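*Asks:* Before we start, here is the structure in question, set down as structure tokens.
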Amino acid sequence: MPEGDVAPKSARTKKASGADAGTGKVRAVRRNRRSDSTIQTILAAAEEVILQSGADRISILDVCVQAGISRGTFYRYFSSQEDLLDAFSRHKRDRFHKALGEALEPYVDPDERFEAVVRFIDDYLENSRSRRLLIVAPEYAMRWFQRIFHDSVVRFQDALSLVFDAWETRAGIVLDRELVCELLVRYILSEQLVPAGPERKNLPRRLERLASMLMSGRIARR
């Protein structure tokens with residue numbers, strides 16, 4: 004909702020009550036294309052503010068100024084600073100998983116999909132703002148890493164399922180798929196904590212070496 008596009012007073016009063024008469028159920032804000040766009044604008048503004056001043060010192064007023072909205076508009080979608088930070092964590096997680104899916108979706112050939120995974124990881128490490136987040140808001144960043152860890156392992160397992168199927172068929176082994184994907188996620192996180200620098204350019208070769216080890220059964224389920 005743009006600045007000045009504020010709900011009528013009667014609507015604000017009804018929303019402030021937070022419940023339907025006689026039911027006690029909290030009424031959610033009706034979602035539409037405009038409200039979704041406003042939420043995305045607020046979350047993008049929150050990211051800019053967090054990267055500048057850190058999560059502990061984030062100001063709702065600063066977010067509103069960055070987003071170009073009023074505080075009334077902000078509170079239409081978020082009840083507090085904590086609510087905003089929680090939504091921002093989910094937003095970053097979902098954005099990462101969506102980008103992974105979009106990067107791999109065009110590839111149905113197992114070898115091409117694995118190469119796409121390598122490119123995705125390399126591009127993410129090159130362009131992600133997660134390391135900046137870790138520097139300016141370390142506690143918040145670490146909580147976010149912990150929050151997305153298991154789900155990311157599961158997402159990589161799903162994205163690489165046809166790759167694992169092909170490798171298992173070729174090598175006649177049963178891979179520990181969860182372990183392989185956990186190693187991938189841990190590698191991504193370790194690059195945020197301790198960047199490899201120029202050596203990271205060897206990432207494709209290192210992952211190919213890992214694939215060779217997998218094919219030889221060195222990281223297989225016992």
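In the numbering used here, the protein residues as written are 4 to 225. The beta-carbon is built from N, C-alpha and C at its ideal position, and this holds for glycine as well. Model, not experiment: these values are computed from the prediction.
#1: Can you list, in chain order, the residues of its chain whose CB lies under 6 angstroms from that of F117, leaving out five sequence neighbours each side?
#2: Using 8 angstroms as the Cβ pair cut-off and three pairs as the minimum, do the region 111-131 and the region 51-65 touch?
#3: I'd like to check one pair, A70 with I45: are the Cβ atoms closer than 9 angstroms?
#4: With a threshold of 16 other CB atoms inside 10 Å of the CB of I124, please say whether the residue is buried or exposed.
#5: Mind the definition here: the region 87-99 touches the region 144-157 only if three or more C-beta pairs lie below 8 angstroms; say whether that holds.
#6: For F81, which three-state DSSP category applies?
#7: DSSP three-state label for P201, please.
#8: Whole alpha helix (DSSP H) runs in the region 49-125 with 4 or more residues, listed along the chain?
#9: Spatial neighbours of V183 within its chain, please: C-beta separation below 6 angstroms, excluding the five flanking residues on both sides.
#10: For L163, name the three-state secondary structure that DSSP assigns.
#11: Are L103 and Q195 touching if we call contact CB-CB under 9 angstroms?
*Replies:* Once the coordinates are examined:
#1: Position 114 of the sequence shown, counted from the start, is the residue given in the question as residue 117. Exclusion of the five residues before and after F117 leaves V166 as the residues of its chain whose Cβ lies within less than 6 angstroms of its Cβ.
#2: no
#3: Here the question's residue 45 lines up with position 42 in the sequence shown. Here the question's residue 70 lines up with position 67 in the sequence shown. Yes, the pair counts as a contact, with Cβ atoms nearer than the cut-off.
#4: For the purposes of this step, residue 124 is identified with residue 121 of the sequence shown, where counting begins at 1. Buried, because 16 or more other Cβ atoms sit within 10 Å of the Cβ of I124.
#5: yes
#6: Here the question's residue 81 lines up with position 78 in the sequence shown. Of the three classes helix, strand and coil, the one that applies to F81 here is coil, per DSSP.
#7: Here residue 201 corresponds to residue number 198 of the sequence shown, with the count starting at 1. If DSSP states are grouped into helix, strand and coil, P201 belongs with the helices.
#8: Fully enclosed alpha helix (DSSP H) runs of 4 or longer: 63-70, 74-80, 84-107.
#9: If you number the sequence shown from 1, residue 183 lands on position 180. Contacts found: none.
#10: As a working mapping, residue 163 is identified with position 160 in the sequence shown. Note: L163 maps to coil in three-state DSSP.
#11: To locate residue 103, count along the sequence shown from 1; it is residue 100. To locate residue 195, count along the sequence shown from 1; it is residue 192. No; because the gap between Cβ atoms is not below 9 angstroms, this pair is not in contact.
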